[in-house]
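Asker: Numbering (my numbering), first residue to last: 456 to 1043.
Just so you know, even glycine gets a beta-carbon here, dropped at the ideal spot from N, CA and C.
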Amino acid sequence: MVPSNGSTISTHHRGLLGAKDTVESIVVAFILAFAFRAFVAEAFVIPTGSMAPNLYGMHRMHTCMVCGTEYAYGFSVMAGGQLAPPGELICSNCGYRRDKQVADNPDNGDRIFVLKWLFDLGRMLPDVPPHGPRQWWHLFKPCRWDVVVFKDPNDGTTNFIKRLIGLPGEVLEIIDGDIYTARVADLEATDEGRSVLAKLERPRRFTEQVPFTPAEQRALDRALTIQRKTHRAQQVLWLPVYHHDFFPIKKRELAGWKATGKPSGWDTRDRGLRFEPAHGGDRRMDEIAFFRGAADLGGYDEAVGLPGERPVTDVYAYNGSHEGGLGRGETIDVSDIRLSGVLVPRGGDGRLWLSLSKRDDCFTATFGSEGKVRLTRSSLRKRNGPAHLVGEVRIEPFHRDRPVRVALSNVDYRVSVWVDGRPVLETSDEDYPALPTGVHLAEYARGLKADSSDASPEIRIGAEGMRLELRHVAIDRDVYYRTLREQGRSIGWGVQSQPIYLRNQPERGIQEYYCLGDNSPLSKDSRLWTEIGPHLVERLARGEYQFGTVPADQMIGRAFFVYWPAGFPLVHERLPLIPNVGNMRLIR
């Protein structure tokens, strides 16, 4: 049967309707995509290495020719926009510096998703005190230690990514590499505290120090408390120093473990550190110490068999030998450290101990084969003096050939002993540090010198009585937030001796945040901002903005996920288009 003319028109009409529906669907899809980008989530590319080694900017991966460790190194932007690699590489593990295989074609930075709707919704929720108990709506608020994206105060268009450190309603100061804050309410309780706030509210130049009286300085030090990182943040802020799985086979003098006495029952020649008592059930203390060779500005004294003078510094392999930034190539000793490994008992009764020092305090965690774990503190200046017992706990006794993960950490003036991933002993604020009467932690830390002779830590492992193997031995350090110094003075916003008052005055539209990069020597962040874009000029003139801060309305969102890290090349060192799925990760 031949279809009628009406039927033919109907089919044609249905075709037009189908095309119209398709066009409408595409338009709606574009609208939804733009709405999603504007209000829900947006993709960003990390441009610089200010958050390295957690987030990479323009970089290349490299494998050390001496120890086999893979690490990233970044590229700096030169005059004319040219990208330049570091003139010299520095291995993150063994410190080897003479590797000449430096590429000049970088991979792109990590691509990340940023959740924007959280902060948009959070602006409609009630404010919460920065030091108060955590509420459910903290999820929708910028929180300390979050990785956030915001508009660069210098131009108002560039997106910056940093870690959120300071919150509205507090005074912040970086002291000896740690973060200290004081609640405004505590300072307002005294005349001296109110005077501190008044002086900090006055505009000042980048190089101008605040002239506190002794009474005002004491009031501030009493109010300042150290801000310890959340467990989530601390896990990514542990930066690798040395891993014995990658010891430098070709140049053993660069880094590793060596016995402090002879003869020794320790065998450090392989990836697993092995201990065998020299004479059966010998109860003699037998220690090995971590050392770094001349490649990391220290040295090893073969005559006395002791570790080098500077085993842990704030060197970033990502930066290589780039000049500039905070410190201008200098390094700082870091003593906030974690020492970890997997203990495998091989028989006999005895104990293993891990030891870390910070200044004069030496902490030793002892793990007995019978299940007794002890934490003691002693003085380096009085090595033969008694050790003070901090705490003691019982765990399951060791079983032959059954692995047990053990660790000792000292970070932000809290020492923790870990067994199988959980803390079993911790110091309290009363235990550590032991301060003279009337002295507060901020005052004590302010008097420490980063370049003093006792700043370099000692890291030791000891055993007696039992046969054992210690596998996957690793040393990690905490981030050390630097202070820029010129002619012996601290300069910058929020750095040591230059505290910053982050105002919380929503009725005036003022809520100020303070942000730092994890790569402290090379990050241009709240410490260093000295210019502003046109969007902030009038606010600065009205006293509604101050240098070194991020206004609440310039916050874009919380960094969420690395959805496209630098990929694998299609051809040799070219076109990294194959996705590196294994390196996709949540941002912490």
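#1: Leaving out five residues on either side along the sequence, give the residues of the same chain with a beta carbon under 6 Å from the beta carbon of residue 859.
#2: Using 7 Å as the threshold, is the C-beta distance between residue 642 and residue 925 below it?
#3: In the DSSP output, which residue or residues are listed as bridge partners for residue 925?
#4: Within 8 Å, do at least three Cβ pairs link the segment 944–961 to the segment 628–637?
#5: Starting from residue 619, trace the beta strand (DSSP E) both ways and give me its first and last residue.
#6: Quick test of your reading: residue 825 and residue 852, contact by CB under 8 Å. State the CB separation rounded to the nearest angstrom.
#7: Do you know whose CA, among 717, 712, 731, 716, lies nearest residue 723's CA?
#8: Run through DSSP, which three-state label would residue 654 get?
#9: Buried or exposed: where does residue 478 fall if 16 or more other Cβ atoms within 10 Å of its Cβ makes it buried?
#10: CB residue 974 to CB residue 505, shorter than 7 Å?
#11: If we ignore side chains and look at the alpha-carbon of each, how far apart do residue 794 and residue 987 end up?
#12: Who are the Cβ neighbours of residue 967 in its own chain at under 6 Å, not counting the five residues just before and after it?
#13: Measuring straight from C-alpha to C-alpha, what distance separates residue 773 and residue 644?
#14: With a CB to CB cut of under 6 Å and the five nearest residues on each side skipped, what residues in its chain are close to residue 751?
#15: Consult DSSP for residue 718 and reduce its assignment to one of helix, strand or coil.
#16: Could you check how far apart the C-beta atoms of residue 802 and residue 922 are, in whole angstroms? I think they sit under 8 Å.
#17: How is residue 865 classed by DSSP in three states: helix, strand or coil?
#18: Quick check: the segment 651–662 against the segment 885–895, are there 3 or more CB pairs under 8 Å?
#19: Exposed or buried, what is residue 510 when buried is set at 16 or more other beta-carbons lying within 10 Å of its beta-carbon?
#20: Along the beta strand (DSSP E) that carries residue 899, what are the first and last residues, could you check?
#21: Could you tell me the boundaries of the beta strand (DSSP E) in which residue 675 lies?
#22: Starting from residue 966, trace the beta strand (DSSP E) both ways and give me its first and last residue.
#23: Within the same chain, show all residues whose beta-carbon is closer than 8 Å to that of residue 840, passing over the 5 residues directly before and after it, in chain order.
#24: Within the same chain, show all residues whose beta-carbon is closer than 7 Å to that of residue 692, passing over the 5 residues directly before and after it, in chain order.
#25: Beta strand (DSSP E) containing residue 708: first to last residue?
#26: Determine the extent of the beta strand (DSSP E) in which residue 641 is found, giving its start and end residues.
#27: To the nearest angstrom, how far is it from the Cα of residue 502 to the Cα of residue 647?
#28: Thinking C-beta only, is residue 768 closer than 7 Å to residue 788?
#29: Would you check if the distance between the CB atom of residue 703 and the CB atom of residue 521 is smaller than 7 Å?
#30: For residue 528, count neighbouring Cβ atoms within 10 angstroms of its own Cβ and tell me buried if that reaches 16, exposed if not.
#31: State the DSSP-derived secondary structure class of residue 808, mapped to helix, strand or coil.
#32: Among residues of its own chain, excluding the 5 on either side of residue 700, which ones have a beta-carbon nearer than 7 Å to its beta-carbon?
#33: Mind checking who residue 569 pairs with in its DSSP beta bridge?
#34: For residue 978, which option in 497, 498, 500, 512 has the closest C-alpha, if you only look at C-alpha atoms?
#35: Judging by CA-CA distance, which residue of 965, 677, 556 is the nearest neighbour of residue 901?
#36: Select from 786, 690, 686, 808 the residue whose C-alpha is nearest the C-alpha of residue 742.
Answerer: By the coordinates alone:
#1: The residue given as residue 859 occupies position 404 in the sequence shown. 798.
#2: Within the sequence shown, numbered from 1, the residue matching residue 642 stands at position 187. Within the sequence shown, numbered from 1, the residue matching residue 925 stands at position 470. For residue 642 and residue 925, no; Cβs fall outside 7 Å.
#3: Counting from one through the sequence shown, the residue named residue 925 turns up at place 470. The partner list for residue 925 (beta bridge, DSSP) reads 728, 798.
#4: In short, these stretches touch, since the Cβ pair count reaches three.
#5: In the sequence shown, counting from the first residue as 1, residue 619 sits at position 164. Per DSSP, residue 619 belongs to the beta strand (DSSP E) from 614–621.
#6: Translated into the one-based positions of the sequence shown, residue 825 becomes position 370. Translated into the one-based positions of the sequence shown, residue 852 becomes position 397. Correct: roughly 5 Å between the Cβ atoms.
#7: Taking the sequence shown and counting its residues from 1, the one referred to as residue 723 is at position 268. For the residues 717, 712, 731, 716, the minimum Cα distance to residue 723 belongs to 712.
#8: On the sequence shown, position 199 is the one that residue 654 refers to. Residue 654 sits in a helix when the DSSP states are folded into three classes.
#9: Taking the sequence shown and counting its residues from 1, the one referred to as residue 478 is at position 23. Reliability fails at residue 478, whose pLDDT of 48 lies under 50, so the model's placement of it is uncertain and the value that follows must be treated cautiously. So residue 478 ends up on the exposed side.
#10: Locating residue 974 in the sequence shown gives position 519, counting from the first residue. Locating residue 505 in the sequence shown gives position 50, counting from the first residue. A Cβ-Cβ contact shorter than 7 Å links residue 974 with residue 505.
#11: Numbered from 1 along the sequence shown, position 339 holds the residue referred to as residue 794. Numbered from 1 along the sequence shown, position 532 holds the residue referred to as residue 987. Going from the Cα of residue 794 to the Cα of residue 987 covers about 43 Å.
#12: Taking the sequence shown and counting its residues from 1, the one referred to as residue 967 is at position 512. Answer for residue 967: 623, 957, 958, 1004, listed in chain order.
#13: By one-based count along the sequence shown, residue 773 stands at place 318. By one-based count along the sequence shown, residue 644 stands at place 189. Here the alpha carbon of residue 773 sits roughly 45 Å from the alpha carbon of residue 644.
#14: Within the sequence shown, the letter at position 296 stands for residue 751. Confidence at residue 751 is low in this model, with a pLDDT of 37, below 50, so the placement of that residue should be treated as unreliable; the coordinate-derived value is given next. So the qualifying residues of the chain are 550.
#15: As a first step, residue 718 is located in the sequence shown; it is residue number 263 there, counting from the start. It is coil, neither helix nor strand.
#16: For the purposes of this step, residue 802 is taken as the residue at position 347 of the sequence shown. For the purposes of this step, residue 922 is taken as the residue at position 467 of the sequence shown. Yes, residue 802 and residue 922 are in contact; Cβ-Cβ is about 5 Å, under 8 Å.
#17: Taking the first residue of the sequence shown as 1, we reach residue 865 at position 410. DSSP places residue 865 within a strand segment (E or B) once states are collapsed to three.
#18: In the pairwise beta carbon analysis, the segment 651–662 is classified as not touching the segment 885–895: fewer than three pairs are separated by under 8 Å.
#19: Taking the sequence shown and counting its residues from 1, one reaches residue 510 at position 55. Buried: at least 16 other Cβ atoms inside 10 Å.
#20: Against the sequence shown, residue 899 aligns to sequence position 444. Counting along the chain, no beta strand (DSSP E) covers residue 899; the unbroken alpha helix (DSSP H) around it starts and ends at 896–901.
#21: Position 220 of the sequence shown, counted from the first residue, corresponds to residue 675. Residue 675 -> not in any beta strand (DSSP E); alpha helix (DSSP H) instead, spanning 669–678.
#22: Here residue 966 refers to the residue found at position 511 when the sequence shown is read from its first residue. Residue range 965–971 is occupied by the beta strand (DSSP E) that includes residue 966.
#23: Your numbering for residue 840 matches position 385 in the sequence shown. Contacts found: 833, 834.
#24: Position 237 of the sequence shown, counted from the first residue, corresponds to residue 692. Cβ within range, chain order: 684, 933, 934, 973.
#25: Against the sequence shown, residue 708 aligns to sequence position 253. Segment: none, residue 708 is in no beta strand (DSSP E) and carries neither H nor E.
#26: Residue 641 sits at position 186 when you count from the first residue of the sequence shown. Not the beta strand (DSSP E): residue 641 falls in the alpha helix (DSSP H), residues 639–642.
#27: Along the sequence shown, read from residue 1 onward, the residue named residue 502 stands at position 47. Along the sequence shown, read from residue 1 onward, the residue named residue 647 stands at position 192. Between residue 502 and residue 647, the alpha-carbon positions lie close to 44 Å from each other.
#28: The sequence position of residue 788 within the sequence shown is 333, counting from 1. The sequence position of residue 768 within the sequence shown is 313, counting from 1. A Cβ-Cβ contact shorter than 7 Å links residue 788 with residue 768.
#29: As a position in the sequence shown, residue 703 is number 248, starting the count at 1. As a position in the sequence shown, residue 521 is number 66, starting the count at 1. The answer is yes: Cβ separation under 7 Å.
#30: Looking up residue 528 in the sequence shown gives position 73. Per the 10 Å Cβ criterion, buried.
#31: For the purposes of this step, residue 808 is identified with residue 353 of the sequence shown, where counting begins at 1. Secondary structure at residue 808: strand, using DSSP grouped into helix, strand and coil.
#32: Here residue 700 is taken as the residue at index 245 of the sequence shown, counted from 1. Within the same chain, residue 700 has close Cβ partners 726, 927.
#33: Position 114 of the sequence shown holds residue 569. DSSP, once it has assigned bridges, lists 497, 1014 as partnering residue 569.
#34: Within the sequence shown, residue 978 is the residue found at index 523, counting from 1. Residue 978 has its Cα closest to that of 512, out of 497, 498, 500, 512.
#35: Numbered from its first residue, the sequence shown carries residue 901 at position 446. The residue among 965, 677, 556 with its C-alpha nearest the C-alpha of residue 901 is 677.
#36: Working through the sequence shown from its first residue, we reach residue 742 at position 287. For the options 786, 690, 686, 808, the alpha carbon positioned closest to that of residue 742 is the one of 808.
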